[in-house]
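Number of protein chains: 2
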Amino acid sequence: MMVGNKRDPLYSEYVFSDPRRVAIIGAGLLGGSFGLAIRKRFDRCEVVGVSRSAISREQAVSSGAVTSATDEAGEACEGADLVCVAIPVDGIAAAVVKAVKNCHADGMVIDLGSTKTTIVRAIDGAPLAAVKFVGTHPIAGSEKTGAANARADLFVGKTVVITPGKNTPSGLVNRARGLWQSLGAKVMEMSPEEHDIAMASVSHVPHLVASMLAGTLRDQTAGLVGTGWLDLTRVASGDPQMWAAICRENPSAISAELARAGQWLSRLRAAIDSGDFASVERMLVEAKVVRDHVASRQK
Amino acid sequence: MMVGNKRDPLYSEYVFSDPRRVAIIGAGLLGGSFGLAIRKRFDRCEVVGVSRSAISREQAVSSGAVTSATDEAGEACEGADLVCVAIPVDGIAAAVVKAVKNCHADGMVIDLGSTKTTIVRAIDGAPLAAVKFVGTHPIAGSEKTGAANARADLFVGKTVVITPGKNTPSGLVNRARGLWQSLGAKVMEMSPEEHDIAMASVSHVPHLVASMLAGTLRDQTAGLVGTGWLDLTRVASGDPQMWAAICRENPSAISAELARAGQWLSRLRAAIDSGDFASVERMLVEAKVVRDHVASRQK
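In order, the protein sequence lines correspond to chains A and B. Residue numbers for the first sequence follow my numbering, so the first one is 168 and each next one is one higher. Residue numbers for the second sequence follow my numbering, so the first one is 168 and each next one is one higher.
As structure tokens, then:
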């Protein structure tokens with residue numbers, strides 16, 4: 168039983184029992200980092216990674232993210248008291264329903280997906296799954312991929328949003344809270360819908376805007392890009408399939424944020440076209456105030 | 168006389184005589200870095216910094232960027248064989264015209280501004296200035312400001328665009344080329360108009376888009392931003408007045424690029440709204456191809 172004491176930086180106010188067997192469906196960067204974090208915190212725990220690709224399974228084992236790996240999710244979940252689903256968002260709901268059937272009777276299933284509404288709604292509609300599943304989203308990641316790039320401290324000090332559904336038992340929510348706190352994360356609770364609107368603003372649309380900057384680069388100008396452009400477009404090197412899936416799972420919030428982005432740019436363009444540079448400067452000042460404020464909170 | 172030999176990494180195919188007295192109008196991060204680079208390469212050169220602010224003058228001297236500092240541009244330019252104008256773009260043309268009057272009869276005046284058309288056109292219309300001035304733009308910088316953050320190697324390996332006007336003597340263009348090559352930069356030549364269109368695409372609009380991401384952040388979501396958002400908005404913490412001046416100096420190219428940005432985002436939004444996620448993925452793949460290609464060229 169992991170309870171800790173208040174002086175322990177990993178002290179958790181929520182009880183989370185030491186897991187004995189953990190299954191991780193999808194052993195990429197996030198799943199691999201979850202495995203490393205679990206193994207660091209609960210050193211006698213067995214961690215089974217699931218991946219269809221033999222290379223991914225090899226990487227997951229050799230990096231120490233899992234104690235063993237298989238391509239059979241059902242087998243991996245057998246008897247697991249914790250299952251973590253760490254695959255692209257459009258496959259999560261189906262994987263959760265399957266994991267719930269195979270895991271331990273008292274097992275908990277979580278996911279790491281960066282969209283929540285469609286996933287949590289789907290599970291809410293599947294009573295057997297709803298009582299074992301808690302949607303969670305750690306705000307952490309990397310443009311790198313694969314368990315070979317996984318880090319045991321990826322979630323330390325990071326925010327994890329927990330998004331209970333209508334049918335999620337409150338005891339299970341507290342257990343998920345305790346789990347993430349025991350791994351060093353800060354936990355926030357939001358509804359899946361609130362989460363998706365917020366993430367469209369702080370993550371999904373910023374990613375798509377980075378792709379826009381890369382996608383609209385003029386020919387013959389590649390030799391002129393500086394560190395600014397490279398920093399601004401870094402995330403556009405991410406996996407297009409994964410990001411298309413995020414758009415598919417969170418279309419309305421993303422569409423609304425894209426509209427707001429377009430309106431801001433149109434307003435700026437109208438000010439430039441009419442020679443109203445005082446308004447241009449005012450818009451840039453407002454943006455700077457927000458950015459400086461948010462950045463100072465992160466320190 | 169600096170000529171160098173071909174084995175010297177700073178070998179220049181263009182002749183640039185050792186300067187004896189250099190004036191730098193505007194002793195901030197760029198001007199200060201220019202001073203450090205000049206003093207490193209030409210160690211007996213006198214470098215006079217010009218700033219209206221006593222703090223900036225103090226920083227410029229104490230950081231070693233200049234050998235002395237004054238608030239009098241005319242005095243600083245007196246007898247200078249090289250004047251570097253490193254102030255916000257909307258003040259450059261007037262400062263160049265003044266510098267030309269005060270510098271050495273064989274002196275050369277350059278600027279470091281990130282817009283070129285209005286500056287070069289204004290100087291082209293001032294015959295006495297046109298024969299001494301070459302517009303140059305080093306693609307280098309930092310979100311930090313002030314000579315205290317200046318770096319002697321800021322321009323090493325970086326691209327400098329030289330933008331001759333209709334009345335710029337070709338000998339002077341070669342001298343500017345030799346200067347920048349002697350400081351370790353790679354030189355490209357473009358017309359001021361070509362330069363401004365290209366920079367709107369690779370620098371100006373990306374900056375404005377970063378401001379958009381900060382300016383449209385929803386309330387209550389500041390606690391949810393991750394490293395992606397912070398990286399994407401980093402340049403939005405830059406000086407709003409300086410960036411409003413860039414919009415004022417390069418309005419038509421920036422307006423055209425803002426329109427292209429808006430069109431790309433609208434096209435993406437239409438694909439999302441109509442559930443056409445194959446098109447979404449295709450747009451993201453195209454962007455990734457461009458980004459990966461450009462990033463690989465930078466290595």
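Glycine is no exception: its CB is placed at the ideal position from the N, C-alpha and C atoms. On a predicted model such as this, the values are computed, not experimentally measured, just so you know.
(request) Could you name the residues of the same chain whose beta carbon sits closer than 7 Å to that of V233/A, not counting the 5 residues immediately before and after it, in chain order? (result) Here residue 233/A is taken as the residue at index 66 of the first sequence, counted from 1. So the list reads I191, A194, G202, V214, V215, G216 and A227, once near-sequence residues are dropped.
(message) Could you check whether the region 446 to 464 of chain A touches the region 311 to 323 of chain A, counting it as contact only if at least three pairs of C-beta atoms, one from each stretch, sit closer than 8 Å?
(response) Remark: fewer than three beta-carbon pairs, one from each stretch, lie closer than 8 Å, so the region 446 to 464 of chain A and the region 311 to 323 of chain A are not flagged as touching.
(request) Output the distance between the C-alpha atoms of P176/A and S349/A, rounded to the nearest integer angstrom. (result) On the first sequence, position 9 is the one that residue 176/A refers to. On the first sequence, position 182 is the one that residue 349/A refers to. Bear in mind that a pLDDT of 44 at P176/A, under 50, signals an unreliable position, so the number given afterwards is only what the model happens to contain. Near 9 Å, if we compare the C-alpha coordinates of S349/A and P176/A.
(message) What are the residues in the region 411 to 430 of chain B lying within 7 Å of chain A by C-beta distance?
(response) A411, C414, R415, P418, I421, S422, L425, A426, R427, A428 and G429
(message) Give me the subset of the region 356 to 367 of chain B whose CB atoms are less than 8 Å from a CB atom of chain A, sorted by chain position.
(response) I364, A365 and M366
(request) Just confirm the distance between the C-beta atoms of A428/A and V376/A, as a whole number of angstroms; I'd bet it's less than 8 Å. (result) Within the first sequence, residue 428/A is the residue found at index 261, counting from 1. Within the first sequence, residue 376/A is the residue found at index 209, counting from 1. Indeed, because the Cβ distance is near 6 Å, the residues count as touching under 8 Å.
(message) Which residue wins for smallest C-alpha separation from L197/A, given the options M357/A, R401/A, A319/A and N269/A?
(response) In the first sequence, residue 197/A corresponds to position 30, counting from 1. Nearest C-alpha to L197/A: A319/A.
(request) Tell me, please, whether the CB atom of P305/A is closer than 7 Å to any CB atom in chain B? (result) Translated into positions along the first sequence, residue 305/A becomes position 138. Chain B contact via Cβ: absent.
(message) Here's the rule: buried if 16 or more other CB atoms are within 10 angstroms of the residue's CB, otherwise exposed. What is L249/B?
(response) The residue labelled residue 249/B in the question sits at position 82 within the second sequence. So L249/B counts as buried.
(request) Could you have a look at V170/B and say whether DSSP puts it in helix, strand or coil? (result) The sequence position of residue 170/B within the second sequence is 3, counting from 1. Any reading at V170/B needs caution, since the residue's pLDDT is 43, under 50, leaving its predicted position unreliable; the model's value is listed next. The answer is coil: DSSP assigns V170/B none of H, G, I, E or B.
(request) Please go through the region 256 to 311 of chain A and give each complete alpha helix (DSSP H) segment of 4 or more residues, from N-terminal end onward. (result) 259 to 269, 284 to 291 and 294 to 297
(request) Output, in sequence order along the chain, the residues in the region 215 to 246 of chain B whose CB is closer than 8 Å to any CB in chain A. (result) Listed in chain order, the positions of the region 215 to 246 of chain B with a beta carbon within less than 8 Å of a beta carbon of chain A would be empty, since no residue qualifies.
(request) Could you work out which residue in T282/A, V327/A and V369/A is closest to E424/A when comparing CA atoms only? (result) In the first sequence, counting from the first residue as 1, residue 424/A sits at position 257. Nearest of T282/A, V327/A and V369/A to E424/A, Cα basis: V369/A.
(message) For the region 434 to 459 of chain A, list every residue whose C-beta sits within 7 Å of some C-beta in chain B, in sequence order.
(response) L435, R436, I439, D440, F444, V447, E448, M450, L451, V452, E453, A454, K455, V457, R458 and D459
(message) Quick check: A381/A and A403/A, are their CB atoms within less than 7 Å of each other?
(response) Taking the first residue of the first sequence as 1, we reach residue 381/A at position 214. Taking the first residue of the first sequence as 1, we reach residue 403/A at position 236. Cβ atoms of A381/A and A403/A: closer than 7 Å.
(request) Show which residues of chain B have a CB atom less than 7 Å away from the CB atom of G382/A. (result) Your numbering for residue 382/A matches position 215 in the first sequence. Ordered by position in chain B, the residues that pass the 7 Å Cβ test against G382/A are W431, M450, E453, A454 and V457.
(message) Considering Cα atoms alone, identify which of P359/A, A289/A, A365/A and L384/A is closest to L391/B.
(response) In the second sequence, counting from the first residue as 1, residue 391/B sits at position 224. Nearest of P359/A, A289/A, A365/A and L384/A to L391/B, Cα basis: A365/A.
(request) Can you give me the start and stop residues for the alpha helix (DSSP H) that K455/B sits inside? (result) One-based indexing of the second sequence puts residue 455/B at position 288. It spans F444 to R464 - the alpha helix (DSSP H) in which K455/B sits, taken as one unbroken run.
(request) Compare the C-beta of T400/A against all C-beta atoms of chain B and say whether one is closer than 7 Å. (result) Along the first sequence, read from residue 1 onward, the residue named residue 400/A stands at position 233. Judged by the 7 Å Cβ criterion, T400/A is in contact with chain B.
(message) Using a Cβ-Cβ distance cut-off of 7 Å, determine whether P407/A contacts chain B.
(response) By one-based count along the first sequence, residue 407/A stands at place 240. It does; some Cβ of chain B falls within 7 Å.
(request) Report the neighbours of L263/B on chain A: residues whose CB is nearer than 8 Å to its CB, in chain order. (result) Mapped onto the second sequence, residue 263/B falls at position 96. The amino acid at residue 263/B is misidentified as Leu; the sequence shows Val. In chain order: nothing, as chain A lies at least about 22 Å away.
(message) Using 8 Å as the cut-off, can you tell me whether the region 330 to 340 of chain B makes contact with the region 408 to 426 of chain A, which would need three or more C-beta pairs spanning the two stretches below that distance?
(response) no
(request) Taking D257/A as the reference, give the member of L384/A, M409/A, F183/A and L451/A with the closest Cα. (result) Counting from 1 along the first sequence, the entry for residue 257/A is found at position 90. Ranking the options by Cα distance to D257/A, first place goes to M409/A.
(request) Look up G193/B in the DSSP assignment and say whether it is helix, strand or coil. (result) Walking along the second sequence from the start, residue 193/B turns up at place 26. Reduced to three states, the DSSP call for G193/B is coil.
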